[in-house]
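Numbered continuously in my numbering, the sequence shown closes out at residue 457.
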Amino acid sequence: MKFNILVIDDEQNIREGLATALEMDGYNVATAADGKSGLDYAAAHEVDLIITDLRMPVVSGEEVLSKVVSDYPGVPVIVLTGHGSVETAVDAMRAGAYDFLTKPLNLDRLSLLVKRALRNREMILQQRELEAELASKKTFEHIIGKSPAMMKNFDVLRKVAPTKASVLITGESGVGKELIANALHNLSPRKDSAFIKVHCASLAESLLESELFGHEKGAFTGAVSRKRGRFELADGGSIFLDEIGEINQQVQIKILRVLQEKKFERVGGEETIEVDVRIIAATNKNLEKEVEAGRFREDLFYRLNVVRIHVPPLRERKDDIPMMVASFIKEFSNENQKKIEGIDPKARNILYSYDWPGNVRQLRNCIESAVVMAEKNIITADDLPPGILPGHEGQCIKIPLGTTVADAEKEVILQTLAANNGNKSKTADMLEIGRKTLHRKLNEYGIDSDDTV
């Protein structure tokens, strides 16, 4: 994108000189001779960065800064001060300025500050775009995803939710199977009735049958009173049996009977109880293989597997990561009363290159940690949990011990330029130096900078 910069300075030579230099760097530049004109322009046009002198008639640079910070949050301001006015500049930083420069201006330094400020601006705009997308109809019943696989699942959800069909949700741990189950219930005619969730793997085998079907008083040691089971509690609604591949054969038989006859007896009881319950099951196991191994009943599998929804692992739908990250940043920023407005490119690349064995759950925990650890308004690679970083193996430049600083600098510049296929703009951005500095260095090395992009 081409950024729009506003330069405000009452000195015509400085104002026009800055405009020329910034236009040479590829920016759209507007100028104003005083603070009032500058603020009027900002009110009528989209501005991505403001460079303003502090000492101006009519409306001062301090007033411009205060107005921009309050009315245009996310628009960085670089202030210009006369020599010896550093204390005033520091005050401006405390008031919200991105950075400051003293006159006479160092154009290379200014170029670098502008790049950094606009990089932050771009990250903030990206975060806002993703939040706007999240606020629109791009999410489905709180499930974040726009990858082809998830769009297909959303279509299946819309079709199956209004029916009475049993649904089997498959996928690795942490992919969001429970969110799919929630959507199925909330979109069904049973949405106003009970939705009971049972994590089968978390219950001891001896307790699971009692939890699901209830028990009569005295049915076993500790059964001091009658207890209604989860199926009774879910009557008229839905029951979600998470990790159903962990249940034993005895419980499998009773669940099969509920599916076939809608009847069961409590543990230790003789009374037959009838229920109207929709069963939604989920597993991270391959139930076909469990059937082949004799650990899961084939007839129950077919009864559960009327409609199957497979939730792919995060590594297979990385297109969904940006929206998820934006959502988690917003959630945990609000929760921790912090103003995190985006994530920098290096950190974002690390998230994209990592395979996420813990899937969405792991990504969510990662962003929560990063938000807590972030000291700036942008998440950086240093804010990410250590366990994520080894998954990102970037290119390295090896410099022998004893190399002089000048030779080391030359090696870093030339290898970075080569890695970017001669693109000077990318090289300057990566090294965080101005393009003019890069041109000068290349000329010093005897390289014709016009031969590269």
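Heads up, the beta-carbon is just placed ideally off N, CA and C, and yes, glycines get one too.
Since we're looking at a predicted model, the values are computed, not measured.
For residue i, three-class secondary structure by DSSP
i: residue 173; result: strand
i: residue 34; result: strand
i: residue 158; result: helix
i: residue 430; result: helix
i: residue 29; result: coil
i: residue 224; result: coil
i: residue 447; result: helix
i: residue 242; result: strand
i: residue 55; result: strand
i: residue 44; result: helix
i: residue 106; result: strand
i: residue 11; result: strand
i: residue 202; result: strand
i: residue 278; result: strand
i: residue 271; result: strand
i: residue 219; result: strand
i: residue 231; result: strand
i: residue 251; result: coil
i: residue 455; result: The pLDDT assigned to residue 455 is 46, lower than 50, so where the model puts this residue is not dependable, and the model offers no usable value.
i: residue 18; result: helix
i: residue 259; result: helix
i: residue 185; result: helix
i: residue 437; result: coil
Presumed contact (8 Å Cβ cut-off) between residue i and residue j, rounded CB distance
i: residue 85; j: residue 107; result: 7 Å
i: residue 266; j: residue 217; result: About 13 Å; that fails the 8 Å criterion.
i: residue 315; j: residue 181; result: 6 Å
i: residue 78; j: residue 345; result: 7 Å
i: residue 476; j: residue 324; result: In this structure the chain extends from 5 to 457, so residue 476 is not present and cannot be described.
i: residue 382; j: residue 124; result: 6 Å
i: residue 99; j: residue 70; result: 6 Å
i: residue 66; j: residue 58; result: 6 Å
i: residue 437; j: residue 116; result: 6 Å
i: residue 229; j: residue 189; result: Not quite, the Cβ-Cβ distance comes to about 30 Å (not below 8 Å), so this is no contact.
i: residue 234; j: residue 215; result: 6 Å
i: residue 171; j: residue 364; result: Wrong, their Cβ atoms sit about 20 Å apart, outside the cutoff.
i: residue 54; j: residue 46; result: 7 Å
i: residue 183; j: residue 146; result: 6 Å
i: residue 9; j: residue 52; result: 7 Å
Burial state of residue i (16 or more Cβ within 10 Å)
i: residue 306; result: exposed
i: residue 403; result: exposed
i: residue 119; result: buried
i: residue 193; result: exposed
i: residue 166; result: exposed
i: residue 397; result: Because the pLDDT of residue 397 is 44, which lies under 50, any placement of that residue in the model is unreliable, and the question is left without a value.
i: residue 29; result: buried
i: residue 72; result: buried
i: residue 395; result: In this prediction, residue 395 has a pLDDT of 44, which is less than 50 and means its spatial position is unreliable; nothing more can be read from the coordinates.
i: residue 56; result: buried
i: residue 213; result: buried
i: residue 102; result: buried
i: residue 328; result: buried
i: residue 431; result: buried
i: residue 425; result: exposed
i: residue 240; result: exposed
i: residue 457; result: Residue confidence is low: residue 457 scores 46 on pLDDT, short of 50, so the model does not pin down where it sits. No coordinate-derived value is stated.
i: residue 225; result: exposed
i: residue 412; result: exposed
i: residue 447; result: exposed
i: residue 74; result: exposed
i: residue 270; result: buried
i: residue 355; result: buried
i: residue 422; result: exposed
i: residue 96; result: buried
Within-7 Å CB hit, residue i to chain E
i: residue 163; result: Here chain E cannot be found, since the structure has a single protein chain.
Exercise. Which ranges does the beta strand (DSSP E) cover as unbroken runs of at least 3 residues, wholly within the segment 280-366, from first to last along the chain?
Worked result: Look at the segment 280-366 and you find these whole runs of beta strand (DSSP E), each 3 residues long or longer: 282-287, 311-314.
**OP:** At 4 residues or longer, and completely inside the segment 377-420: list those alpha helix (DSSP H) runs for me, N to C.
**Re:** Restricting attention to alpha helix (DSSP H) runs no shorter than 4 residues, the segment 377-420 encloses none.
query = If we count Cβ pairs, one from each stretch, closer than 8 Å, do we get three or more for the segment 122-138 versus the segment 296-305?
reply = The segment 122-138 makes no contact with the segment 296-305: fewer than 3 CB pairs, one atom from each, lie closer than 8 Å.
Considering only residues of the segment 67-96, which uninterrupted beta strand (DSSP E) runs meet the minimum length of 3 residues and lie entirely inside it, listed in chain order? Taken in chain order, the unbroken stretches of beta strand (DSSP E) that lie wholly in the segment 67-96 and span 3 residues or more are 81-85.
Contact between the segment 282-292 and the segment 244-261 (3+ Cβ pairs under 8 Å):
The segment 282-292 makes contact with the segment 244-261; the number of CB pairs closer than 8 Å reaches 3 or more.
Three or more beta-carbon pairs under 8 Å between the segment 270-287 and the segment 109-119, yes or no? No: the two stretches stay apart, fewer than three of their Cβ pairs being nearer than 8 Å.
task = Flag this pair as touching only if the segment 195-206 and the segment 341-355 have three or more C-beta atom pairs under 8 Å; answer yes or no.
result = Per the Cβ contact rule, the segment 195-206 is not in contact with the segment 341-355 (fewer than 3 Cβ pairs under 8 Å).
request  = Evaluate the contact criterion for the segment 366-376 versus the segment 149-162: three or more CB pairs, one atom per stretch, below 8 Å.
outcome  = The count of Cβ pairs closer than 8 Å, one atom from the segment 366-376 and one from the segment 149-162, stays below three, leaving the stretches out of contact.
Margin query: When you compare the segment 14-24 with the segment 35-45, are there three or more beta-carbon pairs, one atom per stretch, that lie closer than 8 Å?
Written below: At 8 Å Cβ cutoff, the stretches touch.
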